[in-house]
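Colleague: Mapping the sequence shown onto the numbering used here, position 19 (from 1) lands on 959, and the numbers just tick up by one. The C-beta atom is built at its ideal place from N, Cα and C for all residues, glycine as well.
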Amino acid sequence: MLEIFKQLWVGWNRGIRAVLRVQSQAIMTLAYFFAIGPISILFRLTGRTLLDRGAAPPDARSFWVPRSPVEASMKDASRPF
941 MLEIFKQLWV
951 GWNRGIRAVL
961 RVQSQAIMTL
971 AYFFAIGPIS
981 ILFRLTGRTL
991 LDRGAAPPDA
1001 RSFWVPRSPV
1011 EASMKDASRP
1021 F
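As structure tokens, this is what we get:
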């Protein structure tokens, strides 16, 4: 009797995983078309960008922003942020 329940459980899990795989693909597709897609179209139409490219001079070959070195101490190394 226990073996029958075990086989039913394994079959149920396979079926549910297949349903969830389809469901997650559908949710992610809807999220893309109704959230990410319109926002990207809006940004493209308005010419906005989320990249910080304004820090470099116009004739710069790179957008690299130099940082000042920080003092390394054991107290600073123990803090994650």
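Which same chain residues end up closer than 8 Å to F973 when comparing Cβ atoms and leaving out the 5 residues on each side of it in sequence?
Modeller: If we look at F973 and ignore the five residues flanking it on each side, it has no Cβ neighbours.
Colleague: With DSSP as the reference, label P1020 as helix, strand or coil.
Modeller: P1020: coil per DSSP, three-state reduction.
Colleague: Whole angstroms is fine: what's the gap from M1014's alpha carbon to W1004's?
Modeller: Between M1014 and W1004, the C-alpha separation is close to 28 Å.
Colleague: Return the CA-CA distance between R1007 and A966, expressed in angstroms with no decimal places.
Modeller: Distance between the alpha carbons of R1007 and A966 is about 44 Å.
Colleague: What residue does the alpha helix (DSSP H) around E943 start on, and which one ends it?
Modeller: First-last of the alpha helix (DSSP H) with E943: L942 to A971.
Colleague: Assign F1003 to one of three DSSP states: helix, strand, or coil.
Modeller: The answer is coil: DSSP assigns F1003 none of H, G, I, E or B.
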